[in-house]
Amino acid sequence: MAENPSETAAGVPPGEHPALLDAVRQLLRPLARLAVARGLTHATVDEMLRAAFVEEAFAAYPQLLEHRRVSRISAATGINRREVTRLVEARQREAAPARSYPSEVFARWTTHSEYLDQDGHPRALPRLGAAPSFEALAQSVTRDMHPRSLLEELLRLGLAEHDAATDTVALERAAFVPQGDEARMVGFMGANLGDHFNAAVDNVLAVGAEHFEQALYADGLSDASLAQLRRLVTQHWQAITQDLVPRIEKMIADDDAAGIGSTAGPGNRTRVGLFSYQTAVQPPVPPAKQGKEDAP
Numbered sequence: 000m001a002e003n004p005s006e007t008a009a010g011v012p013p014g015e016h017p018a019l020l021d022a023v024r025q026l027l028r029p030l031a032r033l034a035v036a037r038g039l040t041h042a043t044v045d046e047m048l049r050a051a052f053v054e055e056a057f058a059a060y061p062q063l064l065e066h067r068r069v070s071r072i073s074a075a076t077g078i079n080r081r082e083v084t085r086l087v088e089a090r091q092r093e094a095a096p097a098r099s100y101p102s103e104v105f106a107r108w109t110t111h112s113e114y115l116d117q118d119g120h121p122r123a124l125p126r127l128g129a130a131p132s133f134e135a136l137a138q139s140v141t142r143d144m145h146p147r148s149l150l151e152e153l154l155r156l157g158l159a160e161h162d163a164a165t166d167t168v169a170l171e172r173a174a175f176v177p178q179g180d181e182a183r184m185v186g187f188m189g190a191n192l193g194d195h196f197n198a199a200v201d202n203v204l205a206v207g208a209e210h211f212e213q214a215l216y217a218d219g220l221s222d223a224s225l226a227q228l229r230r231l232v233t234q235h236w237q238a239i240t241q242d243l244v245p246r247i248e249k250m251i252a253d254d255d256a257a258g259i260g261s262t263a264g265p266g267n268r269t270r271v272g273l274f275s276y277q278t279a280v281q282p283p284v285p286p287a288k289q290g291k292e293d294a295p
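Position 79 (the sequence shown) corresponds to 78 in numbering that gives the first Met the number 0; numbering is contiguous.
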């Protein structure tokens, strides 16, 4: 049987690197699982994917004359010129992410020494009064939202509790995991994975400064060992945040004082993360039998 000239024997389009295709498949499978679980259709995701291709191709040719840009984008993406024109006209400037005051309060409460007990755990705070109090904590983060409103939001998210008898506020969770707020959780997922993916792509393409990206891998662990490992990872992350957050805040304050921080312009942003993942190891697929069976 003759081969299709547009494909190799392995079904890989000519010019495409098999390792790159395998990597893209691994990235698309979780996306497809999320879309199916939340009712996003292929047509919706496909439209977003086309727009993303056009957006990146548009940015790749900033010096190109406008009358040539559509043709270049079409050639680079494989999307026809009429569709490229439609998507280019529909481009919108990405909005800057809004500050999350609850997450900032949570971060400061779990990392600053005045809000921690002698064991390094977040203290229960009087709701009102001078520092250390919840009112002072909230005002150290923002004056744009009243401390009462911030407290109500933390209570709604299941992150804190208010003891009316003593008028004190305590954290309910060791990590910022908003309860019953899928929009916020999906937003965190997009922001965290988006930045991680961008860092990995930058490292592969070797554009600009390389980003820190490391991981540990192990297999053959029991359920009990995984539970112990999750506790260890949580403890290490808490230690990292307690050390880094005050340092980063001091860097921001020092840059502002020197006139080179956010007060002088938009500046730079950073995201530091740590993740763990566990799943059962799938048994190897037995090789297919070779040869023909004898006819009876």
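For each residue, glycine too, the CB sits at the ideal point set by N, CA and C.
Applying the criterion that 16 or more other CB atoms from any shown protein chain within 10 Å of the CB defines a buried residue, is residue i buried or exposed?
i	result
Ala137	buried
Leu127	exposed
Pro29	exposed
Ala56	buried
Glu292	For Glu292, the predicted model reports a pLDDT of 48, less than 50, meaning its position is unreliable and no value from the coordinates is stated.
Phe133	buried
Thr109	buried
Ala159	buried
Pro121	buried
Leu64	exposed
Tyr114	buried
Leu86	buried
Leu204	exposed
Leu149	buried
Since I believe residue j is in contact with residue i (beta carbons under 8 Å), could you give me their beta-carbon distance rounded to a whole number of angstroms?
i	j	result
Thr84	Val69	6 Å
Leu167	Leu124	Leu is not the amino acid found at residue 167; the sequence shown has Thr there. At roughly 6 Å, the Cβ-Cβ gap stays under 8 Å, so Thr167 and Leu124 are in contact.
His210	Asp201	6 Å
Ala34	Val44	6 Å
Pro251	Gly260	Note on residue identity: the sequence assigns Ile, not Pro, to residue 251. Contact flag correct, Cβ pair sits at about 6 Å.
Glu212	Ala223	Glu212 to Ala223, Cβ: 30 Å. No contact.
Gln277	Leu225	5 Å
Gly119	Gln25	38 Å between Cβ atoms; not a contact.
Ser73	Arg67	Going by Cβ atoms, the distance from Ser73 to Arg67 rounds to 11 Å, so no, they are not a contact pair.
Just to confirm the assignment, what range does the alpha helix (DSSP H) spanning residue i have?
i	result
Leu243	Asp222 to Ala256
Phe105	Tyr100 to Trp108
How about residue i and residue j: are their beta carbons less than 9 Å apart?
i	j	result
Pro280	Ile239	The displayed chain sequence assigns Val, not Pro, to residue 280. No, the pair does not count as a contact, with Cβ atoms beyond the cut-off.
Leu170	Pro101	no
Arg71	Tyr60	yes
Arg296	Val140	Examination of residue 296 is not possible in this model, given that the chain is present from 0 through 295 alone.
His161	Leu154	yes
Val244	Leu273	no
Leu228	Ser275	yes
Arg183	Ser112	no
Asp253	Gly266	no
Any heavy atom of the ligand NAD within a distance shorter than 8 Å of the CB on residue i?
i	result
Thr43	The ligand content of the structure shown is nil, which means the ligand NAD is not present either.
| query | What runs of the beta strand (DSSP E), each 3 residues or longer, lie entirely inside the region 27-97? | reply | none
| request: Kindly provide the ranges of any alpha helix (DSSP H) runs that are 4 or more residues long and lie completely inside the region 122-194, ordered along the chain. | output: 133-140 and 146-155
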